[in-house]
Amino acid sequence: MSDKVAPNQFGVRRIQRRLRIAHREVLHMHHSRWLIVVPLIGLSACAPYVLAPGAADVRLTKVAADVAGCTAVGNIQVPKDSDGSDLRNAEGRLKNQTIGLGGNAALVTESVLGTPTTGVAYRCPPK
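Next comes the structure, spelled out in structure tokens:
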């Protein structure tokens, strides 16, 4: 009798086949997860930015003379992420900050590629 074990003895091939099937199922689960995650990220990027009540009426200006008769109420700035300023909805963010400080106008002091990033919030008398 031979000491060698036949490849099919003890179900070696059956175990190998089951491992291949299990491996394919795991890969399928990983790919299926991406089918859910990617559309959710896309939808969150398209979500509209919500302005605070009254923020739509805030005036953004780059001309200091426009706020000459107004009272400064605080500094405003677009929040920064790891890459620098997060320019998405920058004007809306500045307007919301201005309303939060009790202002109704904002003097933009810095811009990046034409998008306002930093400024001063003002409370101006009604016109």
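Per the working numbering: the sequence shown = residues 449 to 575. We treat Cβ as the ideally placed atom computed from N, Cα and C, and that holds for glycine.
Can you tell me which of the three DSSP states residue i falls into?
{"i": "R507", "result": "strand"}
{"i": "L467", "result": "helix"}
{"i": "V560", "result": "strand"}
{"i": "K528", "result": "strand"}
{"i": "A516", "result": "coil"}
{"i": "G548", "result": "helix"}
Per DSSP, residue i forms a beta bridge with which residues?
{"i": "T565", "result": "Paired residues: none, contrary to the question."}
{"i": "N523", "result": "V568"}
{"i": "L555", "result": "T509, V568"}
Measuring alpha carbon to alpha carbon, tell me which residue in the options is nearest residue i.
{"i": "L542", "options": "V460, R466, R472, G502", "result": "G502"}
{"i": "R507", "options": "E539, N523, V526, E558", "result": "E539"}
{"i": "R569", "options": "Q464, G550, R466", "result": "For the sequence presented, residue 569 should be read as Ala rather than Arg. Of the listed residues, the one whose Cα sits closest to A569 is G550."}
{"i": "E558", "options": "R472, L535, E473, A516", "result": "L535"}
{"i": "G548", "options": "L467, V521, P496", "result": "V521"}
{"i": "T545", "options": "T563, L561, P564, N523", "result": "One point to set straight first is that residue 545 is Gln, not Thr, in the sequence displayed. Closest option to Q545, Cα to Cα, is N523."}
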